[in-house]
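Engineer:
In the UniProt record's numbering, the protein residues as written are 1 to 284.
Structure (structure tokens):
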């Protein structure tokens, strides 16, 4: 079994709406953030129960928009175990100054949310030259960028990865491929094309853990193919807790079951090693 479990995709929601008022991106708050809110204290308790040592906590854009206050404050409370990954309007005229300000407060990663639970994906945000200064800064600071998009946005992701080769790009939910056709997974060809780019990393989250049990897909045929394409050191587990249903312990148990077909070394990378490579602050 892996010696270290590091989660790179949990979320936290404050129970104090006066101090941390909701202001969701696109004007619509996500259902999960209202039905299954999870404070930073609750996340730590869930991690303790599940045996997860550390986490890179992803800001909830569908709750707080571009206000990273809670994810930063919460993670700073448990700085020995948590690191905040926030969201900034990277195309705004003051994006560079804003990123520097949040990094100074403790932010260790960024995320672009082009759609998901509350709206369809719009990849045009990924091709806006106004955002290039922000991307340049990420390269200077060594800060990775998570991107939430589907297959529709992969051409733009490819272009960004080539333009900014010194920025590590982490694809939320494995880029949401269609795997139901089964081997050789022709419908996911656009995903596997990304493997040629050394600065692209992939999150393995409950979405893919469920999809590999549907249609003609299987964990035993899909995950070895992903490892062969990208390398286990470019794959990292993320729980999506509490957005995805179930306890953190249950979500981790499912991931362990699905990835049991891989070697111990590959699992070591996926459940901890890659996360610590992307977010070295967590290794300190």
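Each residue gets a CB set at the ideal place from its N, CA and C atoms; glycine is no exception.
Just verifying my parser: in three-state terms, what is the DSSP assignment at residue 66?
Structural biologist: Looking at residue 66 - three-state DSSP - the assignment turns out to be coil, as it is neither helix nor strand.
Engineer: Select from 76, 10, 80 and 16 the residue whose C-alpha is nearest the C-alpha of residue 56.
Structural biologist: The candidate whose alpha carbon is nearest that of residue 56 is 10.
Engineer: Let me know if residue 77 comes out buried or exposed under the rule of 16 or more other beta-carbons within 10 Å of its beta-carbon.
Structural biologist: The residue in question, residue 77, is exposed, as its Cβ has fewer than 16 Cβ neighbours within 10 Å.
Engineer: Does the stretch 241-258 come close enough to the stretch 63-74 to have 3 or more Cβ pairs within less than 8 Å?
Structural biologist: Judged by Cβ distances under 8 Å, the stretch 241-258 makes no contact with the stretch 63-74, as fewer than three pairs qualify.
Engineer: Hey, how far is the Cα of residue 256 from the Cα of residue 166?
Structural biologist: If I take the Cα positions, the gap works out to 31 Å.
Engineer: On a CA-only basis, which of 169, 158, 52 and 21 is nearest residue 271? Give me that one, please.
Structural biologist: Nearest C-alpha to residue 271: 52.
Engineer: Nearest-angstrom Cα distance between residue 251 and residue 145?
Structural biologist: One C-alpha to the other measures close to 24 Å.
Engineer: Could you tell me which of 262, 108, 74 and 122 sits nearest to residue 142, measuring between CA atoms?
Structural biologist: For the residues 262, 108, 74 and 122, the minimum Cα distance to residue 142 belongs to 108.
Engineer: Return the chain-ordered ranges of every beta strand (DSSP E) run that is complete within the stretch 171-205 and spans a minimum of 3 residues.
Structural biologist: Fully enclosed beta strand (DSSP E) runs of 3 or longer: 200-204.
Engineer: Any idea which residues DSSP pairs residue 111 with across the strands?
Structural biologist: BP columns for residue 111 point to 146.
Engineer: For residue 249, which residues of its own chain have a beta-carbon under 7 Å away from its beta-carbon, when the five flanking residues on both sides are left out?
Structural biologist: Excluding sequence neighbours, residue 249 sits near 49 and 50.
Engineer: Taking DSSP as the reference, what is the three-state secondary structure of residue 283?
Structural biologist: In this structure, residue 283 counts as helix in the three-state DSSP scheme.
Engineer: Which residues in the same chain as residue 266 place their Cβ atom closer than 6 Å to its Cβ, once the five residues preceding and following it in sequence are excluded?
Structural biologist: Correct list, in chain order: 227 and 232.
Engineer: Among 113, 230, 83 and 152, which has the Cα closest to the Cα of residue 281?
Structural biologist: Minimum Cα distance to residue 281 is reached at 83.
Engineer: Where does residue 56 fall in DSSP's three states?
Structural biologist: Residue 56 falls in the strand class under three-state DSSP.
Engineer: Please state the DSSP three-state secondary structure of residue 13.
Structural biologist: Residue 13: coil per DSSP, three-state reduction.
Engineer: Does residue 248 come out as helix, strand or coil in the three-state DSSP assignment?
Structural biologist: If DSSP states are grouped into helix, strand and coil, residue 248 belongs with the helices.
Engineer: Measuring alpha carbon to alpha carbon, tell me which of 224, 162, 229 and 7 ends up nearest residue 189.
Structural biologist: Minimum Cα distance to residue 189 is reached at 229.
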